[in-house]
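Undergrad: For the sequence shown, position 486 matches number 653 in our numbering, and the numbering has no gaps at all. Glycine included, each C-beta is placed from N, C-alpha and C at the ideal position. Here's a structure for you.
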Amino acid sequence: MAETGRHTPAGGGFVIADSSPEQIVTPEDFTEEQRMFADTTRAFVEGEVLPHDEEIEKLDYKLTVQLMRKAGELGLLAAEIPEEYGGLGLDKVSAALINETLTQASSFALSVGAHVGIGTLPIVFFGTDAQKKKYLPELATGEKIAAYCLTEPTSGSDALGARSTAKLSDDGACYLLNGSKIYITNAGFADIFIVYAKVDGTQFTAFIVERGWEGFSVGPEEKKMGIKGSSTCPLYFDNVRVPVDNVLGEIGKGHLIAFNILNIGRFKLGAGCLGGAKETLGLAAAYANTRTQFGQPISRFPLIANKLANMNMLAYVLESMVYRTSGYIDAMLKDLDPRDSEAGRISAKAMEELAIECSINKVFASEVLDAIADEGVQIHGGYGYVQEYKIERIYRDSRINRIFEGTNEINRLLIPGTLLKKAMKGQLPLMERLEALQQEVLVYSSAAAADEEGPLGEERGILSRMKTMFLLVGGTAVQKYSARIEEQQEVLSNLADMMIALYAAESALLRTAKIIDRLGEEKAANPIEMTRVYVREALREMEQKAKETLLEAAEGDALRTQLSVLKKFVRASHLSTLRLKRNIAARVIENERYTVI
168 MAETGRHTPA GGGFVIADSS PEQIVTPEDF TEEQRMFADT TRAFVEGEVL
218 PHDEEIEKLD YKLTVQLMRK AGELGLLAAE IPEEYGGLGL DKVSAALINE
268 TLTQASSFAL SVGAHVGIGT LPIVFFGTDA QKKKYLPELA TGEKIAAYCL
318 TEPTSGSDAL GARSTAKLSD DGACYLLNGS KIYITNAGFA DIFIVYAKVD
368 GTQFTAFIVE RGWEGFSVGP EEKKMGIKGS STCPLYFDNV RVPVDNVLGE
418 IGKGHLIAFN ILNIGRFKLG AGCLGGAKET LGLAAAYANT RTQFGQPISR
468 FPLIANKLAN MNMLAYVLES MVYRTSGYID AMLKDLDPRD SEAGRISAKA
518 MEELAIECSI NKVFASEVLD AIADEGVQIH GGYGYVQEYK IERIYRDSRI
568 NRIFEGTNEI NRLLIPGTLL KKAMKGQLPL MERLEALQQE VLVYSSAAAA
618 DEEGPLGEER GILSRMKTMF LLVGGTAVQK YSARIEEQQE VLSNLADMMI
668 ALYAAESALL RTAKIIDRLG EEKAANPIEM TRVYVREALR EMEQKAKETL
718 LEAAEGDALR TQLSVLKKFV RASHLSTLRL KRNIAARVIE NERYTVI
């Protein structure tokens, strides 16, 4: 019941519009050049970083900076910096692939990720030509390291509640910066800091601050649960003189930079979690094949195999989402001229357009990695709790991702909240679709809604009904609560989970359809089976969230009618998902790694 081709599937449009496989980017589309960058990254990690793993985990600043400069020599820090400013100007697909591949480097990957992402991209997208010429060439080589400074002791998720201030000096030459920041990644050794403060206590503004300026100081390292090899310190500003030329963007418009850079950060976090998920699966599968109990490898026990199947399926779905989203970002930014004086405004608009998909990636990826890491420890048994095995560190390191780049709770509020705001502004014809749906639902018959033909015909039908289910439930909630819906956080969270399930299921379905077109149904058996299982699991999750929300947002005859219609939407043929998972697991066990084909 979703519409095809009339609206863009990006920017939240996927809830009302269907996509075709040709509209998305998948890992099967990688070019030789993109694969080459992944190979270069992998060789660097294995040859230069992993041999020094223990020293990095002990927080060796000098070594981390030295390795970052080596990464700079290879171009790994320059991927997203335009060629005009000393970078490579690569697409977001390539950047995501580098980020994913780098993840095996654990804490070092975080140091690099913070530098190339939220540390450097604010200048790439919002800096003046003079600022880009001054800072980007050295950031591209690693001669200078960047950090991003938003969080304060009293303002975590409430970024605009920052208390740091900036006041124009009497001579008008600089701003006097006062305040503090906490949890700043790379703070111990960074040279360039993107700092947010309120001009005259009210106008939220971004500044480029350099290490060594008088009045600027760095506090002690935090003692963290995980990511121990990354630097995390508080920062203090005591009348730091920041030249007026170092204002980033416009006075009072710092929120445009902060929130849109966080959107990119959320997407990049998804790519990093993907790399972690794949590595964890490889470690778990290899261990399961070598660990013998009761006279046989534990990989032969169905409950262990089932875990490996679930891990592989979730990694496949996540990978499909990450590269679908990277393709959308590339499409939005493909005509951007970094020298254009309007580049900042244009890039902000593009990143704002994809805020929903970036948040979806962040939430799904961080929770998938946590689930996979948890099962990885379980497969290792007691050894998984011992530091000698890397799975122990992965488990600790993964937890921060649900807090980074806006907590998952905040992102769950943003996902449907942003969708509704776009609809209210006329940027997405959601309300028109909801009005039309009211009539469609009254005459909807599951018997008349025949599924399409083909290997995934039923799954396409299920996805279409899932979209209608979301619109039915979302429309009911909006009708009841109207402008007060922002106060109904549990309802918004349920709607977010439904949207996440939709985007995840559709991403896997589209990718698998693309693989079938290229390789044929027989060779695509593994993707087909993973997709069939996941779509059904997503349907069950949506049903649970839909019922919970309808029971809160409707009552009486209206509730009974909607629950009756809901039953028609959740129909699916009987299928032994356990049998399919055994097949998926067998391939993972044979290959001892993440397996697509």
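Nearest by alpha-carbon distance to Pro694: which of Ile682, Gly355, Arg703 is it?
TA: Ranking Ile682, Gly355, Arg703 by Cα distance to Pro694 puts Ile682 first.
Undergrad: Considering only the beta carbon of each residue, do Ile546 and Tyr454 sit closer than 8 Å?
TA: The answer is yes: Cβ separation under 8 Å.
Undergrad: Taking all protein chains shown into account, decide if Ser493 is buried (16 or more other Cβ within 10 angstroms of its Cβ) or exposed.
TA: buried
Undergrad: From this set, Leu244, Lys390, Met697, Gly178, which residue's C-alpha is nearest Pro622's C-alpha?
TA: Met697
Undergrad: With respect to 7 Å, is the separation between the Cβ of Lys225 and the closest non-hydrogen atom of the ligand NAD below this value?
TA: Within the structure as shown, the ligand NAD is missing, as the structure has no ligands at all.
Undergrad: Counting only the same chain and skipping the five closest in sequence on each side, list residues whose C-beta sits under 6 Å from that of Arg579.
TA: Ser660, Ala663
Undergrad: Verify the CB distance criterion: does Thr352 have a CB-CB separation below 8 Å to chain D?
TA: Of the chains in the structure shown, none is chain D; there is only one protein chain.
Undergrad: Buried or exposed: Phe531, going by 16 or more other Cβ atoms within 10 Å of its Cβ?
TA: Classification for Phe531: buried.
Undergrad: Could you pull out every residue in the same chain whose Cβ sits closer than 6 Å to the Cβ of Leu255, ignoring the five residues on either side in sequence?
TA: Gly242, Ala245, Ala246
Undergrad: What residue range is occupied by the uninterrupted alpha helix (DSSP H) comprising Gln729?
TA: Judged by DSSP secondary structure, Gln729 falls within the alpha helix (DSSP H) whose first and last residues are 723-736.
Undergrad: What residues in its chain sit with their C-beta under 8 Å from that of Phe374, if we drop five residues either side in the sequence?
TA: Ala333, Tyr342, Leu344, Ile361, Val362, Tyr363, Ala364, Val409, Asn413, Val414, Leu415
Undergrad: Please report how far the alpha carbon of Phe468 lies from the alpha carbon of Gly214, in whole angstroms.
TA: 36 Å
Undergrad: Taking DSSP's pairing of strands, which residues face Arg408 in a bridge?
TA: Leu343
Undergrad: Is there contact here, the segment 436-453 with the segment 502-512, by at least three beta-carbon pairs under 8 Å?
TA: no
Undergrad: Give the straight-line distance between the Cα atoms of Cys400 and Ala314, rounded to the nearest whole angstrom.
TA: 11 Å
Undergrad: Cα separation between Tyr723 and Val732?
TA: Looking at the sequence shown, residue 723 is not Tyr but Gly. Going from the Cα of Gly723 to the Cα of Val732 covers about 15 Å.
Undergrad: Helix or strand or just coil, what does DSSP make of Phe197?
TA: In the structure shown, Phe197 sits in coil (DSSP, three-state: anything other than H, G, I, E or B).
Undergrad: For the segment 385-404 against the segment 226-241, do three or more pairs of beta-carbon atoms, one drawn from each stretch, fall closer than 8 Å, so that the two count as touching?
TA: yes
Undergrad: Taking the straight line between their C-alpha atoms, what separation do you get for Glu519 and Lys588?
TA: A straight line joining the alpha-carbon of Glu519 with that of Lys588 spans about 12 Å.
Undergrad: First and last residue of the alpha helix (DSSP H) that includes Ile431?
TA: That run of the alpha helix (DSSP H) goes 421-457.
Undergrad: DSSP state of Ile523, grouped into three classes?
TA: Ile523 falls in the helix class under three-state DSSP.
Undergrad: Considering only C-alpha positions, which residue in the set Ser336, Leu317, Phe404 is nearest to Gly328?
TA: Gly328 has its Cα closest to that of Leu317, out of Ser336, Leu317, Phe404.
Undergrad: Judging by CA-CA distance, which residue of Asp185, Ser674, Leu257, Asp537 is the nearest neighbour of Ser483?
TA: Inspection of the sequence shows that residue 483 is occupied by Tyr rather than by Ser. Answer by Cα proximity: Ser674.
Undergrad: As a quick exercise: from Gln646, Gly573, Glu377, pick the residue whose alpha carbon is nearest that of Ser533.
TA: Gly573
Undergrad: Can you give, in chain order, each stretch of the beta strand (DSSP E) that sits fully within the segment 647-718 and has at least 3 residues?
TA: Entirely contained in the segment 647-718, not one beta strand (DSSP E) run reaches 3 residues.
Undergrad: So, for Val212: in the same chain, excluding its five sequence neighbours on each side, which residues have a beta-carbon less than 6 Å away from its beta-carbon?
TA: Gln271, Ala272
Undergrad: Along the alpha helix (DSSP H) that carries Ala739, what are the first and last residues, could you check?
TA: For Ala739, no alpha helix (DSSP H) run applies, since DSSP gives it neither H nor E.
Undergrad: Could you tell me if Phe736 is buried or exposed, where buried requires 16 or more neighbouring beta carbons within 10 angstroms of its beta carbon?
TA: buried
Undergrad: For Ala333, report the span of its beta strand (DSSP E) as first-last.
TA: Ala333 -> beta strand (DSSP E) spans 332-335.
Undergrad: Could you work out which residue in Val645, Met488, Val216, Gly432 is closest to Glu602 when comparing CA atoms only?
TA: Val645
Undergrad: What does a CB cutoff of less than 8 Å around Tyr350 pick up in its chain, not counting 5 residues either side in sequence?
TA: Thr318, Glu389, Thr399, Pro401
Undergrad: Looking at the unbroken beta strand (DSSP E) that takes in Ser278, where does it start and where does it end?
TA: Note, Ser278: premise wrong, no beta strand (DSSP E); alpha helix (DSSP H) at 274-281.
Undergrad: Bridge partners of Ala246, per DSSP?
TA: For Ala246, which the question treats as bridged, DSSP gives no partner whatsoever.
Undergrad: Between which two residues does the alpha helix (DSSP H) containing Thr372 stretch?
TA: Taken as a continuous stretch (DSSP letters only), Thr372 belongs to no alpha helix (DSSP H), being part of the beta strand (DSSP E) at 370-377.
Undergrad: Quick check on the DSSP output: the beta strand (DSSP E) that includes Val291 runs from which residue to which?
TA: Where Val291 is concerned, there is no enclosing beta strand (DSSP E), although the alpha helix (DSSP H) it sits in stretches over 288-293.
Undergrad: I'd like the list of long-range same chain contacts for Gly239, defined as Cβ closer than 6 Å, with 5 residues on each side in sequence excluded.
TA: Thr308, Gly309
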